[in-house]
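Notes for the one structure printed next.
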Amino acid sequence: MGYIAYFQVVRSEEIIRSPYNARLDAYADRVTRGNIVDKSGNVLAKSVMVDGEEAREYPYGNMFAHVIGYSDQGKSGLESVENYDLLTSHAFFLEKLVNEFQDKKNMGDTVVTTLDLNLQQAAYNAMGSYKGAVVVIEPATGKILAMVSKPDFDPNTVAANWEALNSDENSVLLNRATQGQYAPGSTFKVVTALEYMRENVGYASYSYNCTGAIEQDGVTIHCYGGNVHGPVNFQDSLAYSCNASFSNIGLSLDTKKFQETTKGLLFGSKLPSVLPYSKSSFSLESESSSADKMMTAMGQGKTQVSPYHMALITAAIANGGTLMKPYLVDTVTNYSGQEVEKNMPEEYGTLMTAEEAAQLKQLMKGVVDYGTASVLSGQGYTAAGKTGTAEYSSDKEKDHSWFIGMTNVDNPELVISVIIESSDGSAKAVNIAKQVFDAYYY
Numbered sequence: 064m065g066y067i068a069y070f071q072v073v074r075s076e077e078i079i080r081s082p083y084n085a086r087l088d089a090y091a092d093r094v095t096r097g098n099i100v101d102k103s104g105n106v107l108a109k110s111v112m113v114d115g116e117e118a119r120e121y122p123y124g125n126m127f128a129h130v131i132g133y134s135d136q137g138k139s140g141l142e143s144v145e146n147y148d149l150l151t152s153h154a155f156f157l158e159k160l161v162n163e164f165q166d167k168k169n170m171g172d173t174v175v176t177t178l179d180l181n182l183q184q185a186a187y188n189a190m191g192s193y194k195g196a197v198v199v200i201e202p203a204t205g206k207i208l209a210m211v212s213k214p215d216f217d218p219n220t221v222a223a224n225w226e227a228l229n230s231d232e233n234s235v236l237l238n239r240a241t242q243g244q245y246a247p248g249s250t251f252k253v254v255t256a257l258e259y260m261r262e263n264v265g266y267a268s269y270s271y272n273c274t275g276a277i278e279q280d281g282v283t284i285h286c287y288g289g290n291v292h293g294p295v296n297f298q299d300s301l302a303y304s305c306n307a308s309f310s311n312i313g314l315s316l317d318t319k320k321f322q323e324t325t326k327g328l329l330f331g332s333k334l335p336s337v338l339p340y341s342k343s344s345f346s347l348e349s350e351s352s353s354a355d356k357m358m359t360a361m362g363q364g365k366t367q368v369s370p371y372h373m374a375l376i377t378a379a380i381a382n383g384g385t386l387m388k389p390y391l392v393d394t395v396t397n398y399s400g401q402e403v404e405k406n407m408p409e410e411y412g413t414l415m416t417a418e419e420a421a422q423l424k425q426l427m428k429g430v431v432d433y434g435t436a437s438v439l440s441g442q443g444y445t446a447a448g449k450t451g452t453a454e455y456s457s458d459k460e461k462d463h464s465w466f467i468g469m470t471n472v473d474n475p476e477l478v479i480s481v482i483i484e485s486s487d488g489s490a491k492a493v494n495i496a497k498q499v500f501d502a503y504y505y
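With the working numbering as the guide, the letters of the sequence shown map in order to residues 64 to 505.
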């Protein structure tokens, strides 16, 4: 009896809404699947009649493929997550009564997302033919404004191309934004910097003389491109993304405390996400070698993370240490626009103190003001961030390009996370971010 009561009160809606609940498909006999729209009402998915049969149409094709998803051959993306709302009708009751007598379907509810067509288009176009992902979040609310994954597919032709999509060697169905796993490269130096600050009250007096490389126990680590940075302080080390300095910092850290910090930043933990995702991993141990400690501190080693997770960490920094629960659905309305339910911003948790967040923000501002992301300086908006280059092969010329950052630094409006797979020095993720920021502000 207790379990039945628990099920009815606590679990019933979760089970009803589950995309694995076959009963939901029976709703389609009485309800025409509702629309999915962006924040401004642009239609991203709708039901149409084709040869007398109801079919799903995606006006923007590949652009929203992974986040909106598809509804043939099963369901994915928001088509799956919002299946219940799309197949529920809150049309005016007299209209539903007339439809019942005329044996007509009622129109399903409309899912109004937090997505911004202009930002999605800017991110999609900026990525071009590169593989990778872009995530844009409003840090003060947790609203996800854009989510792009490439390579992509056309959700309008999923049924016809299903076999090819499943066997594609580029894993086009994989949402790289949430499910991709990559070495974070130098974007992880933000995490290392946080740990160093926690262990050293006098971190502001840190200094190091970079000769372009550091050697420890027979292992030598070089700064990117053979750069020699000379005397650097704590802020310079991040601004110039000095590998030697951060390797030096890594050797000084308490591994157990470092583990606790990464756990607090959700490594190895569940992430707040309605879409399928991969957990990030951090595997430095007390007995790890000097090489592992140096590599991990600069974002190589065995650390793996998704672009979405790096966006969450950046959002917490931007929002004074508090991560707002990210969400993709703003409201659900009936098909005529009357609000049925609304999601409100909600705190997910405190990932760091306000003082730590403010200091990290200042360090990231230096990266833009005079460091590796200076392409973002001198714009009509202020920016802070961290670039990253992550090697994925024994060939040092092969790497992924990363960028995490925010705009309007004093009161952040946008947070972005970008990865370009196999950029191999030919493309920079910070340039993708700039195009997205420009689309928002200009």
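Backbone N, C-alpha and C define an ideal beta-carbon position, used for all residues, glycine too.
Is the distance from the Cβ of G243 to the Cβ of G362 below 8 angstroms? no
Three or more beta-carbon pairs under 8 angstroms between the region 188-204 and the region 374-385, yes or no? yes
So which of Y271, F321 and G65 has the shortest CA-CA distance to V254? F321
For N474, is the classification buried or exposed, using 16 other Cβ atoms within 10 angstroms of its Cβ as the cut-off for buried? exposed
On the DSSP letters alone, give me the boundaries of the beta strand (DSSP E) that R119 sits inside. E116 to E120
Excluding five sequence neighbours on each side, which residues of the same chain lie with their C-beta closer than 7 angstroms to the C-beta of G508? This structure leaves residue 508 out entirely; the chain is present only between 64 and 505.
Cβ neighbours of V106 in the same chain (closer than 7 angstroms, five flanking residues each side left out): N98, V100 and P122
Near M387, which residues of its chain fall below 8 angstroms by C-beta distance, leaving aside the five closest residues on each side in sequence? P202, A203, T204, G205, A378, P408, E409, E410 and Y411
Check the C-beta distance from L347 over to K356 and give it rounded, since I have them as a contact under 8 angstroms. 7 angstroms
Nearest to R261 by alpha carbon, out of L391, V395, E323 and F466? E323
From the DSSP output, which residues share a beta bridge with H285? A276
Using 8 angstroms for Cβ pairs, my map puts N219 next to E350. What's the rounded Cβ distance? In fact, because the Cβ distance is near 53 angstroms, the residues do not count as touching under 8 angstroms.
From T177 to R96, what does the alpha carbon distance come to, in whole angstroms? 20 angstroms
Would you check if the distance between the CB atom of E145 and the CB atom of V368 is smaller than 8 angstroms? no
By Cβ distance, which residues of its chain are closer than 8 angstroms to Y505, with the 5 residues on each side in sequence left out? G443
Do you know whose CA, among S489, K167 and E476, lies nearest L208's CA? E476
Identify whether F466 lies in helix, strand or coil by the three-state DSSP scheme. strand
Hey, L150 and A91 are a contact pair by Cβ (cut 8 angstroms); roughly how many whole angstroms apart? 6 angstroms
Excluding sequence positions up to five away, which residues of its chain have a Cβ less than 6 angstroms from the Cβ of I506? Residue 506 is absent from the structure shown; the chain starts at 64 and stops at 505.
Got a sec? Which residues, its chain only, sit under 7 angstroms from K159 by beta carbon, not counting five neighbours each side? S152 and N169
Can the beta-carbon of S480 be found closer than 8 angstroms to that of A374? yes
Distance between L338 and V174 (C-alpha atoms, nearest Å): 16 angstroms
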